[in-house]
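When we follow the numbering used here, the leftmost residue of the sequence shown carries the number 331, and every step to the right adds one. Taking it in order: structure first as structure tokens, then the write-up.
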Amino acid sequence: MRLTVIGAGAMGHGVAHVGALGGYDVTLTDARPETLEVARERIASNLEGGVRRGKLSAEQSEAALARVALERDVDAATRGADLVIEAIVEDLAVKRALFTRLDALVAPDAVLATNTSSLSVARIADATSHPERVLGMHFFNPVHIMKLVELVVHPGTSPAALDLAREAAHRMGKDPIVVRDSPGFASSRLGVAVGLEAMRMVEEEVASPADIDKAMRLGYGHPMGPLELSDLVGLDVRLAIADYLHQELGDVRFAAPAILRRKVEAGELGKKTGKGFYEWPRNESS
331 MRLTVIGAGA MGHGVAHVGA LGGYDVTLTD ARPETLEVAR ERIASNLEGG
381 VRRGKLSAEQ SEAALARVAL ERDVDAATRG ADLVIEAIVE DLAVKRALFT
431 RLDALVAPDA VLATNTSSLS VARIADATSH PERVLGMHFF NPVHIMKLVE
481 LVVHPGTSPA ALDLAREAAH RMGKDPIVVR DSPGFASSRL GVAVGLEAMR
531 MVEEEVASPA DIDKAMRLGY GHPMGPLELS DLVGLDVRLA IADYLHQELG
581 DVRFAAPAIL RRKVEAGELG KKTGKGFYEW PRNESS
């Protein structure tokens, strides 16, 4: 089975990684050649880390890396694909344009999936002539470690498309849940609400970011606090999702706090820029 991943950034290279480990022949595509090369290096590094931790054998790591091909041209990358997973910028118009193009490129029975964390899957599907084969496959960062995948179905998603996506998730070592296409789905809606409230607590000087995060780790068993997670995801991404949910749901819980807007305006986007609610080493690998 052939898998194409479009977008070689933090999410895309992770999806390519787990797809290759699941036995797929993976083509990773991005218009930026430098991004593709960095993606291959990160996949190799993360596979090596799995070997060091005893999660993979050296042979499994080498075989997985060999199954990842890099391709700049989307037309060539999608040729013969059974499943295409889009992991590009979180912009509805850009995604719709891509899916219109993909609809004309891939085989009629190929499934098209978007990794969007909050945008309407139905509106993305409507950009195609076969919306029944479109659904969401929302992975979590870092993809090679996080077990959850949200399979997001809009009213027209076919059972066959859902079955193929579920099988793919299992092959990638993930534990999927199925959610209805609704703003923020399940995970983003819950995660953003907690994250924004944590930011308001920082604004109100209720506690430090480190102590707020510690409260969630030690008191509620979360593996990572909401502010640390926001830094990892990217504060610009968090702000875009919050604004989208606020607009779509009309709920004050999703109104972005001033501290988040200030940080984004100042370029303090979290781990990727070295500063957010925490200071991050700029050379730390993803």
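Glycine included, each C-beta is placed from N, C-alpha and C at the ideal position.
Helix, strand or coil for residue i, going by three-state DSSP, please let me know.
i: V509; result: strand
i: L333; result: strand
i: V479; result: strand
i: A490; result: helix
i: G380; result: helix
i: A443; result: strand
i: G564; result: coil
i: I415; result: strand
i: E609; result: strand
i: K504; result: coil
i: K425; result: helix
i: H576; result: helix
i: S615; result: Bear in mind that the predicted position of S615 carries a pLDDT of just 41, short of 50, making it too unreliable to give a figure here.
Should residue i go down as buried or exposed, given a rule of 16 or more other Cβ atoms within 10 Å for buried?
i: P489; result: exposed
i: L565; result: buried
i: S538; result: exposed
i: S387; result: exposed
i: E614; result: Annotation note: pLDDT 44 at E614 (below 50); position unreliable, coordinate value reported separately. With fewer than 16 Cβ atoms within 10 Å of its Cβ, E614 is classed as exposed.
i: L548; result: exposed
i: E480; result: buried
i: I582; result: A small fix is needed here, since residue 582 is Val in this sequence, not Ile. Exposed: under 16 other Cβ atoms inside 10 Å.
i: A437; result: exposed
i: G555; result: buried
In terms of residues, what are the limits of the alpha helix (DSSP H) holding residue i?
i: T357; result: Per DSSP, T357 belongs to no alpha helix (DSSP H); it is in the beta strand (DSSP E), 355-359.
i: E533; result: 517-533
i: V451; result: 451-455
i: F589; result: Inspection of the sequence shows that residue 589 is occupied by Ile rather than by Phe. Run containing I589: 588-595, per the alpha helix (DSSP H) assignment.
i: L599; result: Taken as a continuous stretch (DSSP letters only), L599 belongs to no alpha helix (DSSP H), as it is neither H nor E.
i: R409; result: Premise fails: R409 is in no alpha helix (DSSP H) and is neither H nor E.
i: D581; result: Premise fails: D581 is in no alpha helix (DSSP H) and is neither H nor E.
Are residue i and residue j close, meaning C-beta to C-beta below 8 Å?
i: A417; j: V345; result: yes
i: H468; j: S517; result: yes
i: T430; j: V464; result: no
i: A585; j: L557; result: no
i: K504; j: L526; result: no
i: V338; j: D355; result: Residue 338 is actually Ala in this sequence, not Val. Taking 8 Å as the Cβ cut-off, A338 and D355 do not qualify as a contacting pair.
i: D433; j: S459; result: yes
i: A369; j: L377; result: no
i: L333; j: L413; result: yes
Taking the beta strand (DSSP E) that residue i belongs to, which residues open and close that run?
i: G349; result: Careful: G349 lies outside any beta strand (DSSP E), inside the alpha helix (DSSP H) at 340-351.
i: M467; result: 464-468
i: V398; result: 398-401
Comparing alpha-carbon positions, which option in the options lies nearest residue i?
i: F470; options: T444, L492, T334; result: T444
i: A572; options: V473, R519, R409; result: R519
i: S560; options: E535, G352, T603, G551; result: T603
i: H484; options: A455, R496, M502, A498; result: A455
i: V466; options: A434, V508, V536, V368; result: In the sequence as presented, Val is not what sits at residue 466; that position holds Gly. Taking only the C-alpha atoms, the option nearest G466 is V508.
i: L351; options: V398, A423, A369; result: V398
i: A588; options: V436, L579, A407, R568; result: R568
i: Y574; options: G521, G514, A596, L492; result: G514
Would you say the beta carbon of residue i comes nearer than 7 Å to a heavy atom of the ligand PLP?
i: P461; result: The model depicted lacks the ligand PLP and carries no ligand whatsoever.
Compare the C-beta of residue i against all C-beta atoms of chain B and say whether one is closer than 8 Å.
i: L526; result: Here there is only one protein chain, and chain B is not present.
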